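Read the structure below first, then the notes.
2 protein chains.
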Amino acid sequence: MAARGTHGRRPTLEEVAARAGVGRGTVSRVINGSPRVSDATRATVEAAVAELGYVPNTAARALAANRTDAIALVVPEPETRFFAEPYFSDMLRGVGAELAETEMQLLLIFAGNDRERQRLAQYLAAHRVDGVLLVSVHADDPLPDLLSQLEIPAVISGRRSAAETLPSVDSDNFAGAYSAVEHLLGRGRTRIATITGRLDVYGAQRRVDGYRAAVEAAGREVDERLIVPGDFTEEGGRRAMAELLERCPEVDAVFAGSDVMAAGARQVLREAGRRLPDDVALVGYDDSAIARHMDPPLTSVRQPIEEMGRAMIDLLLAEIADRRPAASRTLDGRQLVLPNELVQRASS
Amino acid sequence: MAARGTHGRRPTLEEVAARAGVGRGTVSRVINGSPRVSDATRATVEAAVAELGYVPNTAARALAANRTDAIALVVPEPETRFFAEPYFSDMLRGVGAELAETEMQLLLIFAGNDRERQRLAQYLAAHRVDGVLLVSVHADDPLPDLLSQLEIPAVISGRRSAAETLPSVDSDNFAGAYSAVEHLLGRGRTRIATITGRLDVYGAQRRVDGYRAAVEAAGREVDERLIVPGDFTEEGGRRAMAELLERCPEVDAVFAGSDVMAAGARQVLREAGRRLPDDVALVGYDDSAIARHMDPPLTSVRQPIEEMGRAMIDLLLAEIADRRPAASRTLDGRQLVLPNELVQRASS
DNA sequence: CAGTAGAGTGGGAGCGCTCCCATAGGTGAT
DNA sequence: ATCACCTATGGGAGCGCTCCCACTCTACTG
Chain A
1 MAARGTHGRR
11 PTLEEVAARA
21 GVGRGTVSRV
31 INGSPRVSDA
41 TRATVEAAVA
51 ELGYVPNTAA
61 RALAANRTDA
71 IALVVPEPET
81 RFFAEPYFSD
91 MLRGVGAELA
101 ETEMQLLLIF
111 AGNDRERQRL
121 AQYLAAHRVD
131 GVLLVSVHAD
141 DPLPDLLSQL
151 EIPAVISGRR
161 SAAETLPSVD
171 SDNFAGAYSA
181 VEHLLGRGRT
191 RIATITGRLD
201 VYGAQRRVDG
211 YRAAVEAAGR
221 EVDERLIVPG
231 DFTEEGGRRA
241 MAELLERCPE
251 VDAVFAGSDV
261 MAAGARQVLR
271 EAGRRLPDDV
281 ALVGYDDSAI
291 ARHMDPPLTS
301 VRQPIEEMGR
311 AMIDLLLAEI
321 ADRRPAASRT
331 LDGRQLVLPN
341 ELVQRASS
Chain B
1 MAARGTHGRR
11 PTLEEVAARA
21 GVGRGTVSRV
31 INGSPRVSDA
41 TRATVEAAVA
51 ELGYVPNTAA
61 RALAANRTDA
71 IALVVPEPET
81 RFFAEPYFSD
91 MLRGVGAELA
101 ETEMQLLLIF
111 AGNDRERQRL
121 AQYLAAHRVD
131 GVLLVSVHAD
141 DPLPDLLSQL
151 EIPAVISGRR
161 SAAETLPSVD
171 SDNFAGAYSA
181 VEHLLGRGRT
191 RIATITGRLD
201 VYGAQRRVDG
211 YRAAVEAAGR
221 EVDERLIVPG
231 DFTEEGGRRA
241 MAELLERCPE
251 VDAVFAGSDV
261 MAAGARQVLR
271 EAGRRLPDDV
281 ALVGYDDSAI
291 ARHMDPPLTS
301 VRQPIEEMGR
311 AMIDLLLAEI
321 ADRRPAASRT
331 LDGRQLVLPN
341 ELVQRASS
């Protein structure tokens with residue numbers, strides 16, 4: 001099967017070279033922006049490229065150069081969650097923007113169930129991408145190990161633990177939580193509770209640590225009854241808030257580990273007849289669209305997610321460029337922690 | 001499970017052939033599932049593949065076979081809209097599910113602004129995908145023409161006009177709207193209005209056509225004042241509903257061209273003190289999550305979006321397999337129209 | 001029992017690039 | 001003038017596959 005368009009094949013490097021009256025190597029150098037070409041020759045070649053409408057054949061390039069010019073954003077969650085959370089789309093925006101500067105192609109890969117993970121493993125084994133961006137990875141996920149075994153450059157968003165071994169871009173969850181609680185203390189609140197995220201996510205742990213540290217820094221003792229586990233979902237927020245009202249009805253402030261959980265908590269508070277912020281002050285995390293649209297608008301800690309996305313790309317491109325074995329290098333300068341910022345609104 | 005040593009190059013076809021004691025061609029045939037291999041040989045080769053942990057080199061394959069085993073889902077909208085609308089994620093789910101059966105890779109490409117469109121054109125010119133899925137294309141979009149010029153197989157969701165030239169998968173908007181209005185008539189409503197979608201979208205036009213046809217079929221005359229233009233947004237729904245209440249305060253039913261617009265209309269109705277469904281019955285379109293979560297839950301016309309996604313993939317794979325020039329074939333059987341279904345809830 | 005089909009197989013000839021070595025010519029120092 | 005050493009350039013040798021033709025067997029045919 002002669003699988004080709006009927007109207008003329010696409011021109012090849014060779015044909016461009018003939019047209020420009022130069023050798024194949026020279027055209028290749030021009031295409032790839034090598035400095036070792038005289039200005040005159042470069043101009044001639046560029047003219048030939050334009051005339052012929054030459055576009056390099058990616059497959060041939062990939063085969064010869066052993067690179068793909070593509071990177072993958074791997075989301076180890078079902079698509080539904082991906083779309084539900086503004087976190088991901090903000091991240092994607094940052095990544096996309098930074099990547100637009102380059103010739104790199106972005107692949108979006110979901111690995112929410114076993115079948116998809118199987119496919120992903122196959123995909124990675126085939127080295128179909130030059131590097132991988134990992135978002136929201138759980139502590140026990142085998143993916144990072146697979147990646148380093150295959151020697152595929154990768155950058156992770158957040159960290160799996162304090163001893164993260166991969167290059168990473170994280171935000172300062174400890175300081176963010178600290179500032180939120182400090183703010184509530186400053187407002188004169190005395191019984192400040194927290195609804196945590198899933199504690200197998202390191203960032204969620206750090207937020208609890210920040211909560212504890214802020215309470216202790218104010219000279220108070222941490223009341224363990226006021227720390228209620230959530231799971232980052234709205235329903236989890238509802239459950240946790242209900243539990244909280246039962247455990248300690250006189251609670252006057254809640255720091256939720258995510259805006260979505262704060263939204264759930266808010267519903268329960270409303271049903272319980274508590275007014276915001278008069279009876280209970282509420283602070284969320286993420287500063288997502290939900291926070292701005294809540295009634296009253298929600299005070300929230302803002303993570304610079306888009307910027308994190310950009311930083312991840314920068315880091316990953318550097319990893320790809322520096323093809324030394326990852327093990328032989330230190331992590332110095334390859335693990336970023338970006339600052340968080342409290343955005344005050346009417347809920348507190 | 002083909003666990004393989006972490007060091008050393010990836011094995012090649014040649015090496016698998018040597019290991020299995022057969023020729024290169026035979027291994028290729030096994031890998032590609034050709035029937036012209038004896039069972040015994042096939043088993044031997046498969047064993048060698050497993051032992052060596054062989055994974056084909058995609059770039060080499062693409063170069064030699066002149067195909068990429070990848071297709072693109074092109075979204076000519078900014079990312080934000082993509083993530084905001086359940087339409088897209090449902091579509092993506094269908095597409096993903098159907099594609100999981102194959103070896104094909106899905107690329108998600110946004111072309112929301114000129115720069116992104118520029119990149120896309122470059123990308124397509126490089127033939128980096130075997131086919132393209134086009135969603136929510138406007139009547140005057142140049143993309144479909146570019147695609148047929150490059151002879152890249154493509155399938156479009158919805159149609160740009162009655163005379164769509166591309167293979168397409170649409171849903172029966174006419175019948176869907178008809179059944180919605182018929183339902184309202186059956187409820188004894190007499191002043192039924194409609195808020196339309198953007199009329200440069202063919203499907204929105206067809207919904208209006210269905211509305212008219214149903215009204216006329218009931219032996220009534222269409223009152224043009226009751227047809228108010230919207231734009232698929234919530235704000236547009238609010239504006240249209242406000243306009244409607246002014247034009248014709250005694251309206252007792254509204255058929256909105258989308259759930260999002262229905263949600264906007266519902267707000268205005270609430271503010272105007274109209275109760276649902278007692279004073280005004282409301283019906284939306286899409287049966288999205290919004291419909292289920294409204295108060296009262298919204299009657300809506302369901303499009304089988306996930307199924308449409310599946311159908312698009314089937315069609316596209318057939319297009320890719322049948323590499324004859326698109327112009328030389330008829331569109332028979334390559335344009336699908338799937339049925340819509342009214343989902344009744346408390347709002348009507 | 002030659003004659004004709006297959007079925008099953010091996011391997012040459014590319015696909016269109018990049019990499020790198022060889023070479024030509026230019027420059028300045030000795 | 002000689003040498004060393006640049007810069008700019010040409011083109012051979014692959015990269016790892018698929019395609020396809022040639023070949024060998026076997027199994028029928030008449």
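Read top to bottom, the protein sequences are chains A and B.
Everything in the first sequence is counted per full-length UniProt numbering, starting at 1 for the first residue and increasing by one.
Everything in the second sequence is counted per full-length UniProt numbering, starting at 1 for the first residue and increasing by one.
Just so you know, even glycine gets a beta-carbon here, dropped at the ideal spot from N, CA and C.
All figures in this text were calculated on a predicted structure; none of them were measured in a lab.
Run of the alpha helix (DSSP H) containing residue i, from where it starts to where it stops
i	result
Thr-26(B)	24-31
Gln-205(B)	202-217
Ala-291(A)	289-293
Pro-229(B)	It is not in any alpha helix (DSSP H) - Pro-229(B) instead sits in the beta strand (DSSP E) that spans 227-229.
residue 357(A)	There is no way to answer for residue 357(A), as the model of chain A reaches only from 1 to 348.
Ala-265(B)	259-271
Val-16(B)	13-20
Whole-number beta carbon distance between residue j and residue i, since they are thought to touch under 8 Å
i	j	result
Asp-259(B)	Gly-236(B)	About 13 Å; that fails the 8 Å criterion.
Pro-167(A)	Arg-334(A)	4 Å
Phe-82(A)	Val-74(A)	Their Cβ separation, rounded to whole angstroms, is 11 Å, which puts Phe-82(A) and Val-74(A) out of contact at 8 Å.
Ile-195(A)	Val-222(A)	Actually they are not in contact, since the Cβ atoms of Ile-195(A) and Val-222(A) sit about 15 Å apart, beyond 8 Å.
Gln-303(B)	Asp-286(B)	6 Å
Leu-146(A)	Ala-121(A)	6 Å
Val-268(B)	Ala-242(B)	5 Å
Arg-24(B)	Ala-17(B)	5 Å
Ala-107(A)	Leu-107(B)	According to the sequence provided, residue 107(A) is Leu. The question's Ala does not apply to it. 6 Å between Cβ atoms; contact.
Assigned exposure category for residue i - 16 Cβ within 10 Å defines buried
i	result
Ser-347(A)	buried
Met-1(B)	The predicted model places Met-1(B) with a pLDDT of 40, which falls under 50 and marks its position as unreliable, so this point remains unresolved.
Arg-36(B)	exposed
Asp-200(B)	exposed
Ala-47(A)	exposed
Gly-186(B)	exposed
Ser-300(A)	buried
Asp-114(B)	exposed
Glu-224(A)	exposed
His-7(B)	Residue placement at His-7(B) is flagged as unreliable, the pLDDT there being 49, under the threshold of 50; a coordinate-derived value is accordingly withheld.
Gln-344(A)	exposed
Gly-5(B)	Bear in mind that a pLDDT of 42 at Gly-5(B), under 50, signals an unreliable position, so the model cannot answer this.
Arg-239(B)	buried
Arg-93(A)	buried
Glu-101(A)	exposed
Asn-340(A)	buried
residue 349(A)	Chain A is shown only over 1 to 348; residue 349(A) falls outside these bounds and no answer can be derived.
Ser-89(B)	buried
Asp-172(B)	buried
Arg-292(A)	exposed
First through last residue of the beta strand (DSSP E) which encompasses residue i
i	result
Glu-243(A)	Per DSSP, Glu-243(A) belongs to no beta strand (DSSP E); it is in the alpha helix (DSSP H), 234-247.
Leu-298(B)	Neither: Leu-298(B) is in no beta strand (DSSP E) and is coded neither H nor E.
Ala-193(B)	192-196
Leu-282(B)	281-285
Leu-276(A)	No beta strand (DSSP E) holds Leu-276(A); DSSP gives it neither H nor E.
Ala-37(B)	Position check: residue 37(B) holds Val in this sequence, whereas Ala was assumed. No beta strand (DSSP E) contains Val-37(B), which DSSP labels as neither H nor E.
Glu-341(A)	341-343
Val-337(A)	335-338
Val-254(A)	253-256
Can you list the alpha helix (DSSP H) stretches of 4 or more residues lying completely in the segment 108-139 of chain A, in chain order? Entirely contained in the segment 108-139 of chain A, the alpha helix (DSSP H) runs reaching 4 residues are, in chain order, 114-125.
Per the contact definition of three or more C-beta pairs closer than 8 Å, is the segment 180-191 of chain A in contact with the segment 249-256 of chain A?
-> The segment 249-256 of chain A, when compared against the segment 180-191 of chain A, does touch it at the 8 Å Cβ threshold.
Does the contact criterion of 3 or more C-beta pairs under 8 Å hold for the segment 53-61 of chain B versus the segment 90-98 of chain B? no
Within 8 Å, do at least three Cβ pairs link the segment 192-210 of chain B to the segment 169-176 of chain B? Taking 8 Å as the limit for Cβ pairs, the verdict is that the segment 192-210 of chain B does touch the segment 169-176 of chain B.
Please specify which runs of the alpha helix (DSSP H), each continuous and at least 4 residues long, are wholly inside the segment 39-111 of chain B, giving them in chain order.
You should have 39-52, 58-65, 79-84, 86-99.
Q: Go through the segment 144-188 of chain B residue by residue and report every complete run of the alpha helix (DSSP H) that reaches 4 residues or more, in order.
A: 173-186
Segment contact flag, the segment 310-318 of chain B with the segment 118-135 of chain B, C-beta cutoff 8 Å, min 3 pairs: yes
Q. Taking one C-beta from the segment 141-160 of chain B and one from the segment 153-169 of chain A each time, how about it: are there three or more such pairs within less than 8 Å?
A. No, the segment 141-160 of chain B does not touch the segment 153-169 of chain A.
TODO: Evaluate contact between the segment 294-308 of chain B and the segment 265-282 of chain B, counting only Cβ atoms and requiring at least three cross-stretch pairs below 8 Å.
DONE: yes
Are three or more beta carbon pairs between the segment 114-128 of chain B and the segment 49-58 of chain B nearer than 8 Å?
no
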